[in-house]
Each structure stands twice: as structure tokens, then as C-alpha cells.
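Presented below is the structure to which this report refers.
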Ligand code: G16
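Numbering (my numbering), first residue to last: 25 to 585.
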């Protein structure tokens, strides 16, 4: 019989979940007494006490430093709260999309994901805890607000200090906890259920032919020492026959090998360089928890994530799942370029524009209004689960290559010819002084919301743009009517070009200022230009309007996408 101890604690004021869970430095979790325990208790508190004994909760993480300790705390606190059943990935490992899949498959009440996504790991890196609900998706704001409210007043939590689960062996462990029904912990193979799901979505024999048949293409997949490595090895190499050396950095590491596990042109430079010589026809990288992806063509031809979802939408017939279910609607986050809108218009599909954060897609999917969506932040996915899904996106692209028998570059250029091109760039200014960033945004908002701002003209070089609309984006959920305000400052010019300013909700230190620029071009003579050249006048205007450089002291962004 395992005893329950009630531990006295004091609330923390800084446990408000951000865009996707609570993300802080590992040292914050380690050095502040009961910090992780408090947040875990706050999450469990939102599960109705009457439901707990019959409840299943899925637990998994991206393998980063401190994950194992956090999982043991979840086991001990869940048991003491009367949760009946936990399903945990072997060794604690489970990608974010796989957790979403398993929550749905097991009809769990939710899941707890231990990840700080693409943020660096290790003792000096970041850690994160995130709650997903029964649909498999990230908890919506109504629930994250409840978690935050509990965290602000928490005085004590129950815990089974003597309970320890063996995370390494697949199978069921049962514990008798005080007066509760037996508490069971199932350790499951992390890849199995997810692999099974993908087999139902894609044409595996066709993908096998593409990757290992007589006329196979050469691919290079970089797991960046994140959680997706075992999934890529098992599904793409072992099952679809891609050579073992086509997948690299596949062993999850606590510190991601000292790198940023972020699939973009800056942090996935190793993949970009390895593609340059032209040895590989297709390349992809994933982030720490396996929900983000970056797609490259031969010689490192870059597919912008905003374009990626548009191409998948335009070619949805290449994917058996969509042939079966049809495409009920499309969606993108507000800062994502409007490339998807052009496809939606041409195919006469409904297009939804949501705030940043995958959680906003969930209601639309649950209501049968949305099948395929994406974000500029390297997230692409569909209603097969309720998270973005890196490996799914890669198999979607490979399915298109298999059907069209063209290169990534040919497919992309053909798309621009047909739909026009949305030039897009994002400038990130990381770890900026928070006060300076907040003040810059506040002052910009004041200037932008002044009625005289609309109609103003801004010039750079020989280009002049006239403001048609400026606001702080607000979203009313079409399903439950909930309103999310202050989701990003937008300036929309009369030609449709957009400047967007936001503070990131996923950083762990200081503020990250994001500047997004989107501009549409349909002149076939201009669609192949370098986005940085095409967008230079708009960048210049954005920096002038916001006085970003003067206000933050930053003369250049940390990352340009
Ligand atoms: C999370 C969310 C995404 C969001 C991204 C960036 O991704 O799930 O929906 O687009 O953060 O958010 P922000 O601009 O606020 O930093 P991930 O991969 O970090 O979980």
C-alpha cells in the first residue's frame, strides 16, 4: 500500500501558460521549491475529482534534460490525486503528435507533455510542461486560464513519495494507493500507435516505391537529436526502406547535442549544407518534440512553411486520407502568409484565420469545419490528430512527389505560376529587454490605432504603400464564440501587403519580438526573386514605423526566416 503525503507549498505568480504550455529555464524548475509539483498539481486540479478514478492520462516528452524527474513527479502526484491510469511512452519518450494520437486512441481525458519544443535543452536550457485535452489538442485558453488561477493560490498538494514507475520496460505496473482503486501505469512502445495511424493516412506501398524502388529518390532527414529520431528510423527507414544513413541525428539527447532543435535555415544549417551538393532530392528537419518540420528540395531549395501548407492543400488528392474524408476547410494562423487563401479561393474551400497557436484549430476540427492547416512557424498538420505533425508533413510532401513525379522545386514553382506567390519573411529579435519590447509594442499600438493612421503613406526606395487597415488582431471562435484579443498588431496596405508585430509566447527569458511580412505578387517575371530583395522596402518601413532598432538596441534580427 502506497501512502499519500500532503505537502505544504506556496503559490508562484509566474505559471501562466504561454502559446503552448509553461516554458522556463530548467534552473527555474530545479531551484524553486515545489515549482514543477505546483504546476503539475494545477493541471490535475482541472480534471474533475469525480472523473479521476476512471480517467486515463497520457504522459510523454521529448527526452530533454529534467524530463525523467518530471515524469516521476507526475506519476506520484497523479496517483495521490486519484487518477486511475497513466499511459507513458517507454523511457518517457513520446513525440507531441504521438501523444495527441494516443490520447485519442485510448480515449484519455488528456495528456501531459514534457517539452519546450524547439527551445534548447540541457541543464542550462529550457524545460516545459503542457496539458492537452481529451480531443488530443493543446488545452484551449479557457482551461489554461483555469490552470493559471489554481497555480496562483495553491497551498498544498498530495503526493505518493514512495511510488516509482519503471519507465524502461513496456508493460503494465499496478500500485495500491491508499483507499483508491488500483493505480495502473502502462509503459507503451512510443512509435506503435502513431505508426499504425500513418499507415491508414498514406499509401505506404507508393511511398516505399518512392524511397526504395527501382527509381527511388534520395532523402536526408535530420531529427536534430529530438524525439522524432526513433519514429523516422522505424517508419521511414525500416518500414519504407529508405537507407539507414538517410536519417541523421536520430538518437534523442537531453541537450539535443548542444544545438537549438529548431528546424529553420539558421539552426538546421547542417542539413542545409548537406543538401547543397545535390546528392539528395528531398530534405527535412524536425524540432525537439517532433511537431515542426522544414522541407527542402535538391540543392537546399527552401520551402517556406506558409507555402508548404498551400502546396499540400492544392495537392490534397495525393493523400488517401483526404481522398476519403474530403477537405472540409483550411486554416492558417494570422501571421502566416496568405498563400493558403489563394488555394482556398481557387478550390472554393472555407478558409479560417486564427491567432498564433495550434490550440485555436482544435474547435474547428472537432466541429468538422477544418481538415488541413498550417502556421508560418514550421507547423503543418491535419485533423488526423489535434497537434501539428512533423513526420506527417514530410510524408504528405513525399506523397505529392510520388504522384507528380516532379522535384520539390518544380512543384513549388508550378504552384507560384498557378496561384501567384506570397513573399514572406519573419524577423525574430530574441531575448530583448522585456520592458523595452512591451513599451515599443504599446507605443506602436497607440500610433497605429489613431484614426489618422489609415490612409497614411510610407515609402522606401521607389515603393510607396498606403495603410488600408490597422488593428490588434482579435478572434472570435466560430464554434464556441469565445473571443481572444490582442493577438498581434497588423498593418495592412492597400495592395494587400501586411506588416505584423507580435511578442512571442514561447520564449523563456526576456522578450522575443517577431516581425512578419507578407506581400503578394502574381507577375510571372517577378515570382522567382529573392524574398529578402522583394521585401526589403517593407522591412525598411516596418523598422521605421516601429522604431524597433532604436527601441530595442538591436541592429539586426537573431533569426531571419
Ligand atoms: C508553438 C505553438 C504554435 C506557434 C508557435 C510559435 O509551437 O504550438 O502554434 O505558432 O509556438 O509561437 P510564438 O510565436 O508565440 O513563439 P511549438 O512548436 O513551440 O510548440
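Don't be surprised by glycine CBs; every beta carbon is placed ideally from N, CA and C. These numbers come from a predicted model, not from an experiment.
- Closer than 7 Å to some heavy atom of ligand 1: that describes the Cβ of residue 403.
- Of the heavy atoms belonging to ligand 1, at least one sits nearer than 7 Å to the Cβ of residue 399.
- For residue 188, the closest of 240, 103 and 172 by C-alpha to C-alpha distance is 103.
- Between the alpha carbons of residue 30 and residue 180 lies a gap of roughly 7 Å.
- Counting every other CB atom within 10 Å of its CB across the protein chains shown gives residue 320 a total of 16 or more, marking it as buried.
- Contact annotation, residue 532 with residue 143: C-beta distance approximately 6 Å; criterion of less than 8 Å satisfied.
- Between ligand 1 and residue 413, a heavy atom-to-CB distance of less than 7 Å is absent.
- For residue 284, same chain residues with a beta-carbon under 7 Å away, outside a window of 5 residues either side, are 142, 144 and 291 in chain order.
- Within 7 Å of the C-beta of residue 119 there is not a single heavy atom belonging to ligand 1.
- Apart from the 5 residues on each side of it in sequence, residue 524 sits with its Cβ closer than 6 Å to the Cβ of 359, 512, 514 and 540 in its chain, given in chain order.
- In the DSSP assignment, residue 218 falls within the unbroken alpha helix (DSSP H) covering 216-225.
- Two segments are said to touch when three or more pairs of C-beta atoms, one from each, lie closer than 8 Å; by this definition the region 494-502 touches the region 467-475.
- With a threshold of 16 other beta carbon atoms within 10 Å, residue 380 meets it and is buried.
- Taking all protein chains in view, the Cβ of residue 400 is crowded by 16 or more other Cβ atoms within 10 Å, so the residue is classified as buried.
- Remark: the C-beta of residue 311 is in contact range of ligand 1, defined as less than 7 Å to any heavy atom.
- Here the distance from the Cβ of residue 290 to the nearest heavy atom of ligand 1 is not below 7 Å.
- When the beta-carbon positions are compared, residue 334 and residue 214 stay at least 8 Å from each other.
- Inclusion of residue 382 in the 7 Å shell around ligand 1 follows from its C-beta lying nearer than that to a non-hydrogen atom of the ligand.
- For residue 59, the enclosing alpha helix (DSSP H) stretches over residues 59-69.
- Residue pairing by DSSP places residue 125 in no beta bridge whatsoever.
- Between ligand 1 and residue 357, a heavy atom-to-CB distance of less than 7 Å is present.
- Nearest C-alpha to residue 410 among 578, 428 and 388: 388.
- Under the DSSP assignment, residue 103 falls in the alpha helix (DSSP H) whose first and last residues are 91-104.
- In this model, residue 97 and residue 183 are separated by some 8 Å (Cα to Cα).
- Each residue's CA atom was taken as its position, placing residue 457 and residue 563 some 22 Å apart.
- Within 10 angstroms of the beta-carbon of residue 100 lie 16 or more other beta-carbons, which makes it buried.
- Under the three-state reduction of DSSP output, residue 313 falls in the coil class, being neither helix nor strand.
- Within the same chain, Cβ atoms closer than 6 Å to the Cβ of residue 172 are found at 40, the five residues on either side in sequence being excluded.
- For the pair of segments examined, the region 112-119 was found to touch the region 82-92: the number of CB pairs separated by less than 8 Å reaches three.
- In terms of Cβ geometry, residue 339 and residue 444 do not form a close pair [threshold 8 Å].
- Annotated as distal: residue 230 and residue 420, with beta-carbon spacing of 8 Å or more.
- Of the heavy atoms belonging to ligand 1, at least one sits nearer than 7 Å to the Cβ of residue 315.
- DSSP lists no beta-bridge partner residue for residue 172.
- When distances are taken from the beta-carbon of residue 141 to the heavy atoms of ligand 1, the shortest one is below 7 Å.
- When only Cα atoms are considered, residue 250 and residue 216 end up about 18 Å apart.
- Shown here, residue 325 sits in coil according to DSSP, grouped into three states, outside any helix or strand.
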